[in-house]
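J.: Take this structure first; my questions come after.
Number of protein chains: 2
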Amino acid sequence: MVLVNGVDTVHLSVQDRGLHYGDGVFETLAVRDGEPLCWARHMDRLRAGCQRLSMPCPDPNQLLGEARQVSQELAHAVLKLMVTRGVGGRGYRPPETASPTRVVVSYPWPDYPRASPLQGVHVRVCNTRLGRNPSLAGIKHLNRLEQVLARAEWTDPDIAEGLMLDTEDRVIEGTMSNVFMVRERCLLTPGLGSAGIPGIMRALIMETARSMGLEVTEASLSLADLGSADELFLCNSIFGVWPIRRLSGKPYAIGPLSLRMRQRLVAMGVISGPA
Amino acid sequence: MVLVNGVDTVHLSVQDRGLHYGDGVFETLAVRDGEPLCWARHMDRLRAGCQRLSMPCPDPNQLLGEARQVSQELAHAVLKLMVTRGVGGRGYRPPETASPTRVVVSYPWPDYPRASPLQGVHVRVCNTRLGRNPSLAGIKHLNRLEQVLARAEWTDPDIAEGLMLDTEDRVIEGTMSNVFMVRERCLLTPGLGSAGIPGIMRALIMETARSMGLEVTEASLSLADLGSADELFLCNSIFGVWPIRRLSGKPYAIGPLSLRMRQRLVAMGVISGPA
């Protein structure tokens, strides 16, 4: 089901700035029993993104009503919210008073292998790089061609995700996930000041790890750094935590910390999906 | 008037990948007496962009028919063509057989000051930078948030354009134009291998300058380099050539080469707009 500005429709104005320029932001959430998970955190990021684009942010309560409307009676689903700067005339200049477009869509739960959270996944390194631009880094905006090109690099269903480096060979994130490495009981994850999106699950993991007494560091990480990891794992709001069993052919142990972290997040009720 | 896949409508599917990811390309052309200018060159760039995105390109003849349909009886107009990868499911991965969406729109001619081509324009330097990414550089794709943020930096109607630097302080282009400098009878313009879009007017100017016996070089240019110019000018397919009279407060001479170049392009019939 799709709601556009609260109306049940499959259409959008062809003059929407979301189409012309990717002038907007989005959120992807897990839905369990008709209710979106981690709603407040997603709304915080949506609001921050709108602010950085100097765009009005819709009322979170209105969005929540729409989210529930498209999610009702769904046991497990994926919810996507898009907020664009709305309809505009020709040219990059934003209208002085933008009237944002809200798009709220529910999708069936993806058919990820049930075993991935426990048995881990195979991951490759993408050739497509992430450009570095502090003006856009951290915003979950609609300019996603880098991810599209990276995801188009492989069709092998045994490869679950691709890691992306920036143009200076730093590991940043997966095409649809963030990445963590464990080394000597420290948790390390790439800093995202120049590229990448700070995931909601990433933040939850960092907080949880600290509450478990682990040291958590955002760092500049190379592929060689990842090679020295005791454990590697991916995370996002839909699949939760996936240990990396193999990266570019090199095997990694599915270590205790990845599994324990996932158990904690399941216990906190922030990971959805069929059991 | 708007045609979407040949149909007179103002709507697009809310599942179009152009909206979700900016997964597509566009062209902006001048129309004179119902006919788009430099059609073949724009089609070459469109085709090259589709190829780099591994996306089928619509038949140029079909697009020309649609372009003429939305432009008919218009003495002067702006034509925008968008080609997206079409409707897709959730996720970055492109569908194996994409069915592109064609959007063809005509707009009224913009109300640029009549005097700009002869008396020059004021230009600022934008704070928003262009990220560097060879995977996307040169493609006139729909990921245009950098330009939106740059164009939002000023509202002063006396400033006609903003120059954008990349993240390594190199001058790349204007938000909607390319830039040239003249120094000792040489024409210099930024190389666009890491960021920027090679404009159709830019290519015409480079070819014309060479045919006039001038040396033309693509170079890595800083703002300091621009400061040493005898003349500076901007170009695009709509306004043609605008000499820069003032850049960040520093005055420049409106030199003979900028004016002569414009006369040549007018004589070639590649610049439109009310006289």
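Protein sequences, first through last, are from chains P and H.
Numbering of the first sequence is given in the numbering used here, commencing with residue 1 and proceeding in unit increments.
Numbering of the second sequence is given in the numbering used here, commencing with residue 276 and proceeding in unit increments.
Quick reminder that beta carbons are idealized off the backbone N, C-alpha and C, glycines included.
Which residues of chain P have a Cβ atom closer than 7 Å to the Cβ of V378/H, listed in chain order?
T.: Neighbours of V378/H on chain P, chain order: V14.
J.: Beta carbons nearer than 9 Å to chain H: which residues of the segment 77-89 of chain P have them?
T.: Listed in sequence order: V78, K80, M82, T84, R85 and G89.
J.: If N178/P sits next to R202/P, beta carbons under 8 Å apart, how far is it from one beta carbon to the other, in whole angstroms?
T.: Right, the Cβ-Cβ distance comes to about 4 Å (below 8 Å), so this counts as a contact.
J.: What does L294/H reach in chain P if we use C-beta pairs closer than 9 Å?
T.: Within chain P, the residues near L294/H are L12, D16, G18, L19, G22, G24, M82, T84, V103 and L142.
J.: Residue range of the beta strand (DSSP E) that R32/P falls in?
T.: It spans G24 to R32 - the beta strand (DSSP E) in which R32/P sits, taken as one unbroken run.
J.: What did DSSP end up calling L534/H once you bin it into helix, strand or coil?
T.: L534/H falls in the helix class under three-state DSSP.
J.: Measuring alpha carbon to alpha carbon, tell me which of I159/P, N5/P and R85/P ends up nearest L63/P.
T.: Out of I159/P, N5/P and R85/P, N5/P has the C-alpha closest to the C-alpha of L63/P.
J.: Could you list which residues in chain H have their beta carbon closer than 8 Å to that of M201/P, in chain order?
T.: Going along chain H, no residue has its Cβ under 8 Å from M201/P, so there is no contact; the nearest lies around 17 Å.
J.: Between V104/P and V70/P, which are expected to be in contact by the criterion C-beta below 8 Å, what is the C-beta distance as a whole number of angstroms?
T.: Confirmed, Cβ separation roughly 5 Å.
J.: When Cβ atoms are compared, which residues of the segment 110-144 of chain P fall closer than 7 Å to chain H?
T.: Hits within the stretch, in order: T128, R129, G131, R132, N133, S135, L136, H141, L142, N143 and R144.
J.: Assuming L79/P and V148/P form a contact by the criterion Cβ under 8 Å, report the distance between their Cβ atoms to the nearest whole angstrom.
T.: Actually they are not in contact, since the Cβ atoms of L79/P and V148/P sit about 21 Å apart, beyond 8 Å.
J.: Where does the unbroken alpha helix (DSSP H) through N453/H begin, and where does it stop?
T.: Segment N453 to R458 is the beta strand (DSSP E) holding N453/H; no alpha helix (DSSP H) there.
J.: Distance cutoff 8 Å, beta carbons only. Does P94/P sit that close to anything in chain H?
T.: Yes, its Cβ sits closer than 8 Å to a Cβ of chain H.
J.: Which residues of chain P have a Cβ atom closer than 9 Å to the Cβ of E421/H, listed in chain order?
T.: Neighbours of E421/H on chain P, chain order: N133, S135, L136 and N143.
J.: Nearest by alpha-carbon distance to L145/P: which of D283/H, L294/H and H397/H is it?
T.: Of the candidates D283/H, L294/H and H397/H, the one whose C-alpha sits nearest the C-alpha of L145/P is L294/H.
J.: May I ask which residues mark the beginning and end of the alpha helix (DSSP H) holding I480/H?
T.: Residues I475 to S486.
J.: Once you ignore the five residues that flank H416/H on each side, which residues in its own chain have a CB closer than 6 Å to its CB?
T.: Closer than 6 Å at the Cβ level, and outside the excluded window around H416/H, lie V300.
J.: Alpha carbon to alpha carbon, how far is R316/H from S228/P?
T.: The straight-line gap from Cα to Cα measures roughly 51 Å.
J.: Distance, Cα to Cα, L479/H vs G199/P?
T.: Looking at the two C-alpha atoms, the distance is approximately 45 Å.
J.: Any C-beta of chain P sitting closer than 8 Å to the C-beta of T372/H?
T.: Cβ-Cβ to chain P under 8 Å: no for T372/H.
J.: Looking at the C-beta of M276/H, does it have a partner C-beta in chain P at a distance below 8 Å?
T.: Not an interface residue.
J.: Contact between the segment 168-188 of chain P and the segment 232-252 of chain P: three or more CB pairs below 8 Å?
T.: Result yes; three or more Cβ-Cβ pairs closer than 8 Å.
J.: Helix, strand or coil: which one does DSSP assign to P60/P?
T.: Correct three-state label for P60/P: helix.
J.: Taking any Cβ of chain P, which residues in the segment 535-548 of chain H have a Cβ under 7 Å from it, in chain order?
T.: Within the segment 535-548 of chain H, no residue has a Cβ that lies closer than 7 Å to any Cβ of chain P.
J.: Can you tell me which residues form a DSSP beta bridge with P518/H?
T.: Looking at the DSSP assignment, P518/H forms a beta bridge with F508/H.
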